[in-house]
Amino acid sequence: QRQNYPGAEALLGWLEVRCIPKVIVSNSEAAVVRIGLERLGWLARFEDVIGVDDVAHPKPHPAPYNMALQRLGLPAGACVALEDSVAGATSAFKAGLPVLGVQAQPALRPAALHDLCVTLLEDLTEARDWIEQQLLVTT
């Protein structure tokens with residue numbers, strides 16, 4: 010939900026201007042995720058949706074993120090995962106992606122996220138700064 014992730018709209022716009030592809034990797038069924046994105050008016054903003062029904066092994070297994078990398082045709086080092094759960098962060102980490110832990114309320118962050126994530130963010134506007142600095146995206 011949009012209100013749960015401050016900065017999401019701005020981050021999506023920033024990524025779109027730079028033609029940076031975006032994939033949703035979820036432990037929900039892909040159709041359910043697509044419905045949610047459509048309700049937000051965001052479905053067309055993502056190149057793909059990987060759901061639990063698309064892979065043999067769900068998060069925390071790396072299979073969902075490996076599928077996303079395969080579909081994008083990109084190596085893990087050229088990508089970043091934004092994750093709000095330990096299972097998701099574990100999946101992305103095992104697939105070799107740098108993981109940005111996103112949770113608006115730091116008090117609710119599970120301790121395990123600290124070990125899996127390169128940084129923990131309070132909102133998605135901070136993700137833009139990390140992407141610019143670490144993935145060398147030019148403005």
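Just so we're aligned: 53 in the numbering used here is position 44 of the sequence shown, and the numbers increase by one with no gaps anywhere. Glycine is no exception: its CB is placed at the ideal position from the N, C-alpha and C atoms.
Asked, Found
"Taking buried to mean at least 16 other C-beta atoms within 10 Å of its own C-beta, is GLY82 buried or exposed?", "exposed"
"Residues in its own chain within less than 8 Å of ARG11 by CB, not counting five upstream and five downstream?", "In this prediction, ARG11 has a pLDDT of 46, which is less than 50 and means its spatial position is unreliable; what the coordinates show is noted afterwards. Around ARG11: ALA17, GLU18 and LEU49."
"Tell me, to the nearest whole angstrom, how far the beta carbon of CYS126 is from that of ALA98; I am working on the premise that it is less than 8 Å.", "6 Å"
"Using 8 Å as the threshold, is the region 52-60 in touch with the region 89-97, meaning 3 or more CB pairs across them?", "no"
"PRO73 to ASP138, Cα distance in whole Å?", "26 Å"
"At which residues does the beta strand (DSSP E) containing ASP138 begin and terminate?", "Looking at the DSSP string, ASP138 is not in any beta strand (DSSP E); the run it does join, the alpha helix (DSSP H), is 134-143."
"Alpha carbons only, please: which of PRO71, GLU141 and LEU24 is nearest the one belonging to ALA96?", "PRO71"
"Taking Cβ positions, are PRO69 and SER100 nearer each other than 8 Å?", "yes"
"Secondary structure at LEU106, three-state DSSP: helix, strand or coil?", "coil"
"Between which two residues does the beta strand (DSSP E) carrying GLU92 extend?", "90-92"
"So, using beta-carbon positions, are LEU174 and ARG54 closer together than 8 Å?", "In the structure as shown, the chain begins at 10 and stops at 148. Residue 174 is therefore absent and cannot be evaluated."
"From GLN79 to GLY105, what does the alpha carbon distance come to, in whole angstroms?", "13 Å"
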